[in-house]
């Protein structure tokens, strides 16, 4: 019999796991409010996943076994203030 590649799948994927965008305000803007440092930020975890090979069955390419719950997508918004 001939070898078959019927059950071979491309395992490639692209995933953005963590990202944070922040802005630190200059002291010129914060000194009137008696604030030393002021920073705002937005962060996210598991923002997107690009893969085609098993998507129709709901597989997560990083899961150990099939049909595990997918990883949660999480968004955070924060403010850091130092007086």
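Numbering (the working numbering), first residue to last: 31 to 113. The beta-carbon is built from N, C-alpha and C at its ideal position, and this holds for glycine as well.
Judged by DSSP secondary structure, residue 54 falls within the beta strand (DSSP E) whose first and last residues are 44-54. Put simply, the backbone Cα of residue 95 is about 42 Å away from that of residue 54. Excluding its 5 nearest sequence neighbours in each direction, residue 101 has C-beta neighbours in its own chain below 6 Å: 76, listed in chain order. Here residue 90 is buried: its Cβ has 16 or more other Cβ atoms, across all protein chains shown, within 10 Å.
Between the alpha carbons of residue 57 and residue 107 lies a distance of about 22 Å.
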